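Following: one structure in structure tokens, then a few remarks.
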Amino acid sequence: MSATYHVVVPSTHREDPAPAQGAARTQRRHRSAGQARREALLRAAIDVIAAHGVAGVTHRAVTEAAGVPLATVSYFFDSIDDLTTEAIRTFTARRVEELHTRVEQSADSSVPGALVNQTVADNRLSDRAQILAMFESYLYAAREPSMRDLVTDMLGSFEALAATTLRIAGAPSPEPIARSFVALVDGYSLHSMASDRQQVQTAELNDALSAMFLGYLLQQGHTEQAINMAADRRK
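For the sequence shown, the numbering used here assigns the number 16 to the initial residue and increments by one for each residue that follows.
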């Protein structure tokens, strides 16, 4: 019986890691560039909705606004409707998160109710295109049933934010009144968008929010809390 011996000769050739690292860097650049184009499409869709309504969102309109080739939409989204839906959802979520952060920051105040109202009033129209796109979505949903689930979700997220805001401001069980607060803010915003100044009169909106909040407290039998909050506002 014979034995076979395998002699392993160490190689003097060393693999250069640079190509792999270079490929990784290139992949990251491509991914980053792709994310930037996708973000540009989402932002452009919001701008187009604000300018021309939901029905005005087309491949050409969005890509021209985004400054990207016409085929870019099809690369990232299944359809123009898919892009429209994703744009509205994305910017609604960001808006809610922004306001939620500001509300939580104002909760450290000794008079959180007043500051919460002022925070919402001051920041309602920080992005005019987003607000216009939101109202255009409402109007489109009134005529197009396929849009209603999306708008229902949008309103639900704002109502959840309103409930959290009211709770921080001291409202017990605020869920039933949250929708009314959203409707009040939306109404002021809509009227402001249609005015010459296109700016919310924040002092008026703040007073209206406070009045509704105090009325809610009184309706729920929290008279002492309402009196104390009214006194804090007069300071």
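Glycine included, each C-beta is placed from N, C-alpha and C at the ideal position.
From a predicted model like this one, the values you see are computed outputs, not experimental measurements.
{"query": "For Val83, which of helix, strand or coil comes out of DSSP?", "result": "coil"}
{"query": "Take Met227 and list the residues in its own chain whose beta-carbon comes closer than 8 Å to its own, dropping the five residues that flank it on each side.", "result": "Ile192, Ser195, Phe196, Leu199"}
{"query": "Just to confirm my understanding: we take Leu229, look at its own chain, exclude 5 residues before and 5 after, and list those with CB closer than 7 Å. What are they?", "result": "Ala241, Met244, Ala245"}
{"query": "Whose CA, out of Asp168, Arg182, Gly202, Gln235, lies closest to the CA of Thr107?", "result": "Asp168"}
{"query": "Does the stretch 57-77 come into contact with the stretch 93-101, if we say contact requires no fewer than three beta-carbon pairs (one atom in each stretch) closer than 8 Å?", "result": "yes"}
{"query": "For Ser152, which residues from the same chain have a beta carbon less than 8 Å from its beta carbon, with the 5 sequence-adjacent residues on both sides left out?", "result": "Ile64, Val69, Ile103, Met162, Leu165, Val166, Met169"}
{"query": "Leaving out five residues before and five after Arg110 in sequence, what residues of the same chain have Cβ atoms less than 8 Å from its Cβ?", "result": "Asp142, Gln145"}
{"query": "Where do the N-terminal and C-terminal ends of the alpha helix (DSSP H) with Ser195 fall, by residue?", "result": "190-208"}
{"query": "How would you label Leu224, buried or exposed, when you count the other beta carbons within 10 angstroms and need 16 or more for buried?", "result": "buried"}
{"query": "Whose C-alpha, out of Tyr203, Gln120, Ala156, Thr87, is nearest the C-alpha of Thr180?", "result": "Gln120"}
{"query": "Which residues mark the beginning and the end of the alpha helix (DSSP H) in which Gly230 is found?", "result": "217-234"}
{"query": "When DSSP labels each residue in this structure, what does Asp62 get in the three-state scheme?", "result": "helix"}
{"query": "In the structure shown, what three-state DSSP assignment does Ser47 receive?", "result": "helix"}
{"query": "Buried or exposed: Leu232, going by 16 or more other Cβ atoms within 10 Å of its Cβ?", "result": "buried"}
{"query": "Is it buried or exposed, Pro189, if we count other Cβ atoms within 10 angstroms and call 16 or more buried?", "result": "buried"}
{"query": "Can you tell me whether Leu176 is buried or exposed, with buried defined as 16 or more other CB within 10 angstroms of its CB?", "result": "buried"}
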